[in-house]
Amino acid sequence: MFRIAKSGICIPAHHAVSRRGFLSDGTIRAAGAVTVAGCFASDMGQIHALRSEEVANELRKQDKRVILLWLAGGASQFETWDPKPGAKTGGPFRAIQTNATGVHISELLPELAQRMQHTAIIRSLNTKIADHGRGADLMETGRLKDPSILYPDLGAVVARELGRLESKVPDYVSLYTSTEGRRKGTSGFLGARYAPMFLSESMIPPNIARLETVSEIDHHDRAALRDALGRRFAASRRNHTVDSQNSAYQRVNGLMASAELFDITKEPAEVQARYGPTQFGHQCLIARRLIEAGVPFVKVARAWWDSHGQNFETHQELCADLDHSMSVLLDDLEQRGLLKNTLVITLGEFGRTPQINSSLGRDHFASAWSCSLSGLGIRGGVAYGKTDPEGHTVVEGEASAADLFATILSALKIDHKHEYTVGARPVPLADFGSKPIAEVLS
Amino acid sequence: MLSHMGIFCRCHLLAIMFCGSSIATADELLPADTEITTAIDHYVQQHLVTCGVAAVEPADDLTLLRRTTLDLAGRVPTPVEREWFLTQPASDRRRLLVERLMQSPDFDFHQRNWLDETLLPNQPYNDEFRNYLLTAVQARRSWDTVFREIMKAAVSEGPEKGAAQFLKSRVSELDDLTNDTAILFFGVNISCAKCHDHPLVADWKQDHFYGMQAFFQRTYQTRKTSSLAERPFGEVKFANVGGESKTAAFMFLTGDVVADRTPQLADEERKQLEERVRKLEHDDADAEIIVPEFRPRDELVELALRDTKGQFFAKNIVNRVWARLLGTGLVDPPDQMHSGNAPSHPELLEWLTNDVVSHGYDLRRLIQGIVLSEAYGRSSEWSSGSEPPAPSTFAMAQTRPLTPRQLGASLHVVIRTPEQWPAIENTEEWTKQRTDLENQANGWVREFEQPGENFQIAVDEALFFSNSGRVQDDLLRDSDDRLLGQLKKIEDQSQGIETLWLAVLNRVPKPDELASATAWLDHVPDRKDESRKQLLWGILAGPEFRFNH
Numbered sequence: 003m004f005r006i007a008k009s010g011i012c013i014p015a016h017h018a019v020s021r022r023g024f025l026s027d028g029t030i031r032a033a034g035a036v037t038v039a040g041c042f043a044s045d046m047g048q049i050h051a052l053r054s055e056e057v058a059n060e061l062r063k064q065d066k067r068v069i070l071l072w073l074a075g076g077a078s079q080f081e082t083w084d085p086k087p088g089a090k091t092g093g094p095f096r097a098i099q100t101n102a103t104g105v106h107i108s109e110l111l112p113e114l115a116q117r118m119q120h121t122a123i124i125r126s127l128n129t130k131i132a133d134h135g136r137g138a139d140l141m142e143t144g145r146l147k148d149p150s151i152l153y154p155d156l157g158a159v160v161a162r163e164l165g166r167l168e169s170k171v172p173d174y175v176s177l178y179t180s181t182e183g184r185r186k187g188t189s190g191f192l193g194a195r196y197a198p199m200f201l202s203e204s205m206i207p208p209n210i211a212r213l214e215t216v217s218e219i220d221h222h223d224r225a226a227l228r229d230a231l232g233r234r235f236a237a238s239r240r241n242h243t244v245d246s247q248n249s250a251y252q253r254v255n256g257l258m259a260s261a262e263l264f265d266i267t268k269e270p271a272e273v274q275a276r277y278g279p280t281q282f283g284h285q286c287l288i289a290r291r292l293i294e295a296g297v298p299f300v301k302v303a304r305a306w307w308d309s310h311g312q313n314f315e316t317h318q319e320l321c322a323d324l325d326h327s328m329s330v331l332l333d334d335l336e337q338r339g340l341l342k343n344t345l346v347i348t349l350g351e352f353g354r355t356p357q358i359n360s361s362l363g364r365d366h367f368a369s370a371w372s373c374s375l376s377g378l379g380i381r382g383g384v385a386y387g388k389t390d391p392e393g394h395t396v397v398e399g400e401a402s403a404a405d406l407f408a409t410i411l412s413a414l415k416i417d418h419k420h421e422y423t424v425g426a427r428p429v430p431l432a433d434f435g436s437k438p439i440a441e442v443l444s
Numbered sequence: 003m004l005s006h007m008g009i010f011c012r013c014h015l016l017a018i019m020f021c022g023s024s025i026a027t028a029d030e031l032l033p034a035d036t037e038i039t040t041a042i043d044h045y046v047q048q049h050l051v052t053c054g055v056a057a058v059e060p061a062d063d064l065t066l067l068r069r070t071t072l073d074l075a076g077r078v079p080t081p082v083e084r085e086w087f088l089t090q091p092a093s094d095r096r097r098l099l100v101e102r103l104m105q106s107p108d109f110d111f112h113q114r115n116w117l118d119e120t121l122l123p124n125q126p127y128n129d130e131f132r133n134y135l136l137t138a139v140q141a142r143r144s145w146d147t148v149f150r151e152i153m154k155a156a157v158s159e160g161p162e163k164g165a166a167q168f169l170k171s172r173v174s175e176l177d178d179l180t181n182d183t184a185i186l187f188f189g190v191n192i193s194c195a196k197c198h199d200h201p202l203v204a205d206w207k208q209d210h211f212y213g214m215q216a217f218f219q220r221t222y223q224t225r226k227t228s229s230l231a232e233r234p235f236g237e238v239k240f241a242n243v244g245g246e247s248k249t250a251a252f253m254f255l256t257g258d259v260v261a262d263r264t265p266q267l268a269d270e271e272r273k274q275l276e277e278r279v280r281k282l283e284h285d286d287a288d289a290e291i292i293v294p295e296f297r298p299r300d301e302l303v304e305l306a307l308r309d310t311k312g313q314f315f316a317k318n319i320v321n322r323v324w325a326r327l328l329g330t331g332l333v334d335p336p337d338q339m340h341s342g343n344a345p346s347h348p349e350l351l352e353w354l355t356n357d358v359v360s361h362g363y364d365l366r367r368l369i370q371g372i373v374l375s376e377a378y379g380r381s382s383e384w385s386s387g388s389e390p391p392a393p394s395t396f397a398m399a400q401t402r403p404l405t406p407r408q409l410g411a412s413l414h415v416v417i418r419t420p421e422q423w424p425a426i427e428n429t430e431e432w433t434k435q436r437t438d439l440e441n442q443a444n445g446w447v448r449e450f451e452q453p454g455e456n457f458q459i460a461v462d463e464a465l466f467f468s469n470s471g472r473v474q475d476d477l478l479r480d481s482d483d484r485l486l487g488q489l490k491k492i493e494d495q496s497q498g499i500e501t502l503w504l505a506v507l508n509r510v511p512k513p514d515e516l517a518s519a520t521a522w523l524d525h526v527p528d529r530k531d532e533s534r535k536q537l538l539w540g541i542l543a544g545p546e547f548r549f550n551h
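Residue numbers (our numbering), protein chains in the order written: chain A, 3 to 444; chain B, 3 to 551.
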């Protein structure tokens with residue numbers, strides 16, 4: 003005799019009745035109802051979002067998603083979005099006409115050049131910080147690091163704003179396989195609930211699958227036992243850390259069920275072939291699978307763009323991977339009707355110097371560099387901002403990291419001025435004084 | 003060094019819940035020879051009366067045994083310790099326990115781990131620093147001595163050389179040296195005063211930030227030997243909001259300034275000196291390290307220890323020890339000691355600060371006084387439907403997550419069979435075993451997050467407990483040397499369940515728990531060994547084990 007439990011797990015009936023029965027017959031049970039919250043920062047007493055829940059829920063219903071393609075190490079704007087052919091800083095590559103009138107990009111991105119209807123380029127980032135660690139701090143969170151407060155990164159903010167509390171899938175996944183520049187990302191003051199599921203060693207998340215030595219029944223029953231003990235303990239303690247442990251365990255089953263989202267062999271061979279043989283391509287496909295299943299934020303890192311030597315060979319190789327993988331991703335999202343609610347960002351910690359050094363490399367440079375935004379909320383075919391003919395400085399439309407974050411949040415229709423309150427300190431979603439770039443927003 | 007004027011930061015403005023205490027002058031405080039415990043309970047009780055809040059009941063003896071052992075020994079009690087505890091006279095048990103634990107090698111390990119987690123939070127395996135701290139704690143060095151050794155970083159041989167790791171790990175970022183020293187040793191966060199006078203805290207001006215920075219500006223690391231050194235010259239320049247350029251004085255948080263006694267040199271001499279320092283800093287060549295006569299970090303140490311006005315150095319350590327043991331600081335958060343964020347118990351902080359200074363910064367004495375107080379010994383349970391009292395009243399004990407090392411060591415304590423623990427008198431054997439236990443605990447550090455402000459347990463930890471081979475194959479192993487192996491041999495099932503509860507949760511099961519566990523094991527009679535494993539898992543992964551309460 004078998005029956006299917008609510009959880010979908012097949013349980014021998016006698017076992018289910020008796021063992022699970024004792025868990026629900028009142029012997030071990032919480033003394034009172036316990037909020038399973040502790041998840042929302044606003045439940046923590048310390049951090050409070052001023053937005054009403056209705057607005058937040060309305061946002062969540064719209065199923066908005068973000069894919070961040072993180073170009074770790076810093077890609078050259080000259081070899082990607084802001085070519086300067088003929089200038090003494092321009093390097094050997096040509097600029098090519100894209101399908102957007104008047105917009106030229108490097109010839110190293112020929113496939114993307116044919117898809118500019120989805121994409122806006124920002125060529126006028128001046129973010130000032132040109133070392134990897136602090137540059138990444140700035141471009142991941144949109145603000146300078148501050149010793150008195152731990153800021154959440156973009157993924158955590160989006161997870162907090164767009165993730166559903168009851169979601170069975172993770173709300174922030176970060177794929178970072180290479181070791182160069184690897185950073186886990188941080189949910190800062192939003193707490194571990196919004197920390198990324200971080201994949202570095204393999205493309206399957208750690209500890210996501212049940213061990214064969216533990217039967218499904220045991221796995222299920224012991225979790226129920228733990229929850230019963232957990233509720234009982236929490237009932238006589240009003241403690242958000244205790245609550246956070248209970249809610250962490252309650253998410254285990256849902257997350258385990260999402261393991262197959264990371265398995266690209268579940269995709270038709272034809273789709274796998276389109277994404278191509280590179281690891282970055284595979285990870286873009288995983289990102290699409292996650293987005294499709296409702297994960298609000300996926301970061302895919304591609305390293306290592308830090309071309310202090312042989313800048314041009316490095317970019318020939320890496321741009322080919324970026325060009326193809328991102329193009330297939332945009333096509334795939336569009337065909338599935340997902341691009342209208344998915345924002346794709348390409349960004350790194352900074353760009354690269356106009357000067358070409360004696361090793362034919364370009365060094366770190368954060369005063370005049372580029373990034374791109376595609377899909378949801380973006381006016382495609384636009385190249386915003388301008389650098390001087392040799393690319394040393396921004397001459398038009400200068401944008402800071404905070405402005406970029408305000409733009410990203412605006413594309414998602416999240417009010418960038420909304421404030422979290424940490425202690426008594428107001429922390430707006432995008433830093434004080436930031437302004438969205440209206441020209442790239444649809 | 004010019005500050006970046008374009009950046010506007012907003013800083014802590016803390017709402018203060020203040021229940022009417024007023025700050026007493028020194029002669030209104032309890033006499034200096036009052037017992038620490040008595041002073042604590044006097045002031046906490048006084049505050050409770052003012053607030054109209056009643057303290058909850060004291061925790062029961064076994065709960066206190068577990069709590070105190072976690073706080074002083076960094077792990078849960080062993081069965082041998084529990085038996086010993088229960089045979090002591092009830093009226094004196096607690097004191098005897100505390101005295102025994104404070105003499106044990108456990109205390110030194112745990113005290114070292116706490117200092118390490120506090121001072122180098124991002125480097126859980128900095129062996130040089132950890133060895134130094136252990137040496138210092140074992141030698142019972144006072145806190146001002148440790149501070150001196152860390153800040154001077156003057157020893158390059160033996161375990162003492164590890165003291166330099168605090169500065170070395172921050173030497174590439176002058177702001178980190180400045181801010182972290184102020185936060186961790188003085189309990190103040192002046193980072194917001196970098197770009198402008200602090201917008202919300204009247205105490206902190208740009209002069210304070212750059213004054214503190216001046217003490218570190220000359221610090222560098224030599225290229226060849228990675229030694230910490232100070233340049234015999236150098237100053238901090240900054241621009242105020244008006245754009246006016248200023249040179250920072252060597253100024254402490256109290257406003258006290260030390261004169262710059264850098265010797266004046268002729269141009270040629272100075273050039274030569276600069277060249278020698280440049281080589282030490284940047285060239286991979288052998289050269290003798292220059293030790294200047296005027297050493298700003300030494301000056302900082304002396305200023306901080308002479309400070310009787312703000313007592314920043316002494317107050318900070320009192321507050322941090324208090325927060326560690328009671329879950330919330332007398333000043334909360336601990337890096338916000340300033341006039342806009344008054345202590346919950348100003349007289350108590352004042353009294354304890356005076357006590358720690360007059361007793362030579364002996365942290366053992368302070369810790370012992372706190373853990374023997376009534377405030378420390380209260381129950382952490384709140385079963386009434388009404389709002390529980392605020393943590394800052396200390397009317398009840400707080401439920402605190404274990405640190406990764408506490409959790410790792412505790413896991414290894416509970417999975418062993420009771421016979422493996424040496425008799426309580428056999429301190430030699432215990433010292434050996436405790437060292438092994440410390441190494442085992444180290445192996446778990448990466449699996450758990452270090453608790454901090456607003457700490458939440460991540461789903462990664464839940465997935466790790468649920469699905470990792472390490473938990474299944476190690477913690478749940480039922481070989482003869484393990485608790486589970488022993489439980490297999492106990493014929494009386496109730497006795498087995500009681501042994502399990504005592505071993506893991508340090509208490510006997512309640513009747514309903516005994517009934518439930520019995521039903522759990524009886525359910526599939528031919529699978530009892532497996533069911534017992536899952537029962538152990540359910541308890542180990544539950545909050546009663548995960549927290550100190």
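For glycine and all other residues, C-beta sits at the position ideal for the given N, C-alpha and C.
Rounded to the nearest angstrom, the Cβ distance from threonine 82 (chain A) to leucine 111 (chain A) is 6 Å, consistent with a contact under 8 Å. Remark: fewer than three beta-carbon pairs, one from each stretch, lie closer than 8 Å, so the stretch 431–439 of chain B and the stretch 399–409 of chain B are not flagged as touching. Of the candidates B:Arg220, B:Phe240, B:Asn318, B:Phe240 places its Cα closest to the Cα of aspartate 209 (chain B). Listed by position along chain B, the residues whose Cβ is nearer than 9 Å to that of glycine 187 (chain A) form an empty set, because the closest Cβ is around 12 Å away. When CB distances to chain A are screened at a threshold of 7 Å, the residues of the stretch 385–403 of chain B falling below it are Ser385, Pro390, Thr401, Pro403, in chain order.
Note on glycine 190 (chain A): 16 or more other CB atoms within 10 angstroms of its CB, so buried under the neighbour-count rule. Using a Cβ-Cβ cut-off of 7 Å, cysteine 194 (chain B) is close to Ser150 of chain A, given in chain order. Taking threonine 256 (chain B) as the centre and dropping the five residues before and after it, the same chain places the C-beta of Asp309, Lys311, Gly312 closer than 7 Å to its C-beta, in chain order. Take the alpha-carbon of leucine 374 (chain B) and the one of arginine 97 (chain B): they are about 7 Å apart. In terms of beta-carbon proximity, threonine 243 (chain A) lines the interface with chain B, with at least one pair separated by less than 8 Å.
Per DSSP, leucine 177 (chain A) is one residue of the beta strand (DSSP E) stretching across 175–177.
Within 7 Å of the CB of leucine 257 (chain A), the CB atoms of chain B belong to Val461, Leu465, in sequence order along the chain. For the 8 Å CB-CB criterion, glycine 377 (chain A) and histidine 120 (chain A) form a contact.
Within chain A, not a single residue places a beta-carbon under 9 Å from that of proline 123 (chain B); the smallest gap is close to 11 Å.
Look at glycine 157 (chain A): its C-beta is not under 8 Å from any C-beta on chain B.
Against chain B, a Cβ distance below 8 Å from leucine 292 (chain A) picks out nothing, because the smallest value is about 16 Å. With its beta carbon less than 8 Å from one in chain A, alanine 543 (chain B) belongs to the interface. Secondary structure note for lysine 301 (chain A): its beta strand (DSSP E) is the uninterrupted segment 299–304. With respect to chain A, the C-beta atom of glutamine 536 (chain B) has a partner C-beta closer than 8 Å. Under the DSSP definition of a beta bridge, methionine 199 (chain A) partners with A:Val175.
One thing to note: isoleucine 42 (chain B) has its Cβ within 8 Å of the Cβ of leucine 350 (chain B). If only complete runs of 4 or more residues are kept, the stretch 312–352 of chain A shows the alpha helix (DSSP H) at 313–337, in order along the chain.
Shown here, asparagine 241 (chain A) sits in coil according to DSSP, grouped into three states, outside any helix or strand.
Among the CB atoms of chain A, none fall inside 8 Å of the CB of glycine 245 (chain B). For isoleucine 185 (chain B), the chain A residues whose Cβ falls inside 9 Å of its Cβ are Pro149, Ser150, in order along the chain. For tryptophan 72 (chain A), the enclosing beta strand (DSSP E) stretches over residues 67–73. Per DSSP, glutamate 398 (chain A) lies in no alpha helix (DSSP H); the unbroken beta strand (DSSP E) holding it starts and ends at 396–398. For arginine 326 (chain B), no CB of chain A lies under 8 Å from its own CB, so it is not counted at the interface with that chain. With fewer than 16 neighbouring CB atoms inside 10 Å of its own CB, glycine 454 (chain B) falls in the exposed class. One thing to note: leucine 406 (chain A) has its Cβ within 8 Å of the Cβ of glycine 144 (chain A).
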